[in-house]
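Trainee: Be aware that the sequence shown starts at 1390, since it is given in the working numbering, and climbs by one per residue. The C-beta atom is built at its ideal place from N, Cα and C for all residues, glycine as well. Please read all numbers here as calculations on a predicted model, not as lab measurements.
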Amino acid sequence: LLPGDQTLHLSSEGSSLYFENDNSRMAGGDGTGYATLWAKLLAGAENNAGPGNLGLAVLHSDHEDYAEFRRGFAPQTTPAGNSIARWYEVLPNHNQGLNAQLRFWYLDAELGGLDENELIVWRSGDGGISWVPLSIHDRNTNENWVEIDNQDELARYTLAGPESILPMAGHISGIPASADAMTMVLFPNPVSETAQICIRATMATSTFLRWQDASGKVVRNTPITLHEGRNDFSETVSELPPGIWFVSVGLSGVPAIRVVKE
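1. Would you tell me roughly how many angstroms separate the C-alpha atoms of His1560 and Asn1437, rounded to the nearest one?
2. Considering only the alpha carbon of each residue, which of Glu1542, Val1649, Glu1505 lies closest to Ala1474?
3. Quick one: what does DSSP say Asp1497 is sitting in, helix, strand or coil?
4. Report the residue from Tyr1546, Pro1630, Val1638 whose alpha carbon sits nearest the alpha carbon of Thr1466.
5. Looking only at C-alpha atoms, which of Trp1534, Pro1579, Ala1446, Gln1601 sits nearest to Gly1514?
6. In the region 1472-1558, which residue ranges form an unbroken beta strand (DSSP E) of at least 3 residues, counting only runs that do not cross its ends?
7. Quick one: what's got a C-beta closer than 7 angstroms to Glu1457's C-beta in the same chain, skipping five residues either side?
8. Can you grab the Cα-Cα spacing for the pair Asn1482 / Leu1430, in whole Å?
9. Would you say the region 1511-1526 touches the region 1439-1448, given that touching needs at least three Cβ pairs under 8 angstroms?
10. Can you check whether the CB of Pro1468 is closer than 8 angstroms to the CB of Pro1644?
11. Alpha carbons only, please: which of Ala1463, Glu1617, Asn1488 is nearest the one belonging to Asp1541?
12. Among Arg1460, Ala1434, Ala1432, Val1649, which one has its Cα closest to the Cα of Arg1414?
13. Between the C-alpha atoms of Pro1440 and Glu1536, what's the straight-line distance to the nearest angstrom?
14. Which residues in the same chain have their Cβ closer than 6 angstroms to the Cβ of Asp1621, if we skip the five residues on either side of it in sequence?
15. Sort out for me which residues DSSP pairs Ser1413 with in a bridge.
16. Figure out for me which residue from Gln1490, Asn1484, Tyr1495, Leu1629 has the closest Cα to the Cα of Ala1463.
17. Does Met1592 pass the burial test, meaning 16 or more other C-beta atoms within 10 Å, or should it be called exposed?
18. Within 10 angstroms of the Cβ of Glu1478, are there 16 or more other Cβ atoms? Answer buried if so, exposed if not.
19. For Asn1412, count the other beta carbons within 10 Å of its own beta carbon; 16 or more makes it buried, fewer makes it exposed. Which is it?
20. Rounding to the nearest angstrom, what Cα-Cα distance links Trp1476 and Arg1647 in this structure?
21. Three-state secondary structure (DSSP) at Pro1612?
22. Hey, quick one: how far does the beta strand (DSSP E) through Met1573 stretch, first residue to last?
23. Going by DSSP in three states, Ala1590 sits in which element: helix, strand or coil?
24. Would you mind sorting Asn1531 into buried or exposed? The rule is 16 or more other CB atoms within 10 Å of its CB.
25. Near Met1571, what residues of its chain come up, given a Cβ to Cβ distance below 6 angstroms and the 5 sequence neighbours on each side ignored?
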């Protein structure tokens, strides 16, 4: 159980979580707590282990520095549904151009019915509000871990299933969105030259339109202003490399769209 403030502070002198297993693991309170530890970014990398037995490790980084490592135990809500009952966060002092490789461990008891063979890593750059899926570099279901690589900036991560491909081909319906929902539609999908994007907003707001490649790298991040109701945008994508892309808008409850660029 976590202490009253829901935060377990591990010292940098070797404090660690010991003997975590399916029957004895971090828990407590309302699920908002986490364990935290300051350590070198590559602490434990030489032994394929991470600092403090928190269940995550940075195995490679082009830049070494100190970082705060956090691990929580509450499922996160991703566009694919609930994640496992574990999230991870790495907050380095220097957080750009890292080209980092990370490994995340998990327990069977945290899966919550998810198939570990289908787990992928989801990344959140805003503390768990919005999530974008990443490509898996490696996995080992016997040892219960997955890896990602090519991460230039580190953030919060969790493990969940893959997002279903949304049916985006066709025309935009003239039916207005429900009063309490914002929606985003993109077509055609696959796309080769120009993507048409329609966002229905329940209120006027300013946000961004973000394109991320399969590794999670942000390639395009365009500020946009939304008016209440329907907002239409055209995005030229002919210069983007072919492959899988994820388009998101910084609004809570609006999932990223998986786009195939031809």
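Mentor: In brief:
1. Bear in mind that the predicted position of His1560 carries a pLDDT of just 34, short of 50, making it unreliable; the figure below should be weighed with that in mind. Straight through space, the alpha carbons of Asn1437 and His1560 are spaced by roughly 50 angstroms.
2. Glu1505
3. DSSP places Asp1497 within a helical segment (H, G or I) once states are collapsed to three.
4. That would be Tyr1546, whose Cα lies nearest to the Cα of Thr1466.
5. Gln1601
6. As far as the region 1472-1558 is concerned, its whole beta strand (DSSP E) runs of at least 3 residues are 1476-1481, 1489-1494, 1509-1513, 1527-1529, 1534-1540, 1545-1549.
7. Thr1425, Trp1427, Leu1480
8. The alpha-carbon atoms of Asn1482 and Leu1430 are separated by roughly 9 angstroms.
9. no
10. yes
11. Asn1488
12. Among Arg1460, Ala1434, Ala1432, Val1649, the Cα nearest to that of Arg1414 belongs to Arg1460.
13. 16 angstroms
14. Excluding sequence positions up to five before and after Asp1621, its CB lies within less than 6 angstroms of the CB of Cys1587, all in the same chain and listed in chain order.
15. The partner list for Ser1413 (beta bridge, DSSP) reads Asn1410.
16. Tyr1495
17. So Met1592 counts as exposed.
18. buried
19. Around the beta carbon of Asn1412, fewer than 16 other beta carbons sit within 10 angstroms, so the residue counts as exposed.
20. 23 angstroms
21. strand
22. 1572-1576
23. DSSP places Ala1590 in the strand class (E or B) of the three-state scheme.
24. With fewer than 16 other Cβ atoms within 10 Å, it is exposed.
25. Take Met1571, set aside five residues on each side of it, and the residues of its chain with a beta-carbon closer than 6 angstroms to its own are Ala1590, Thr1591, Leu1640, Val1643, in chain order.
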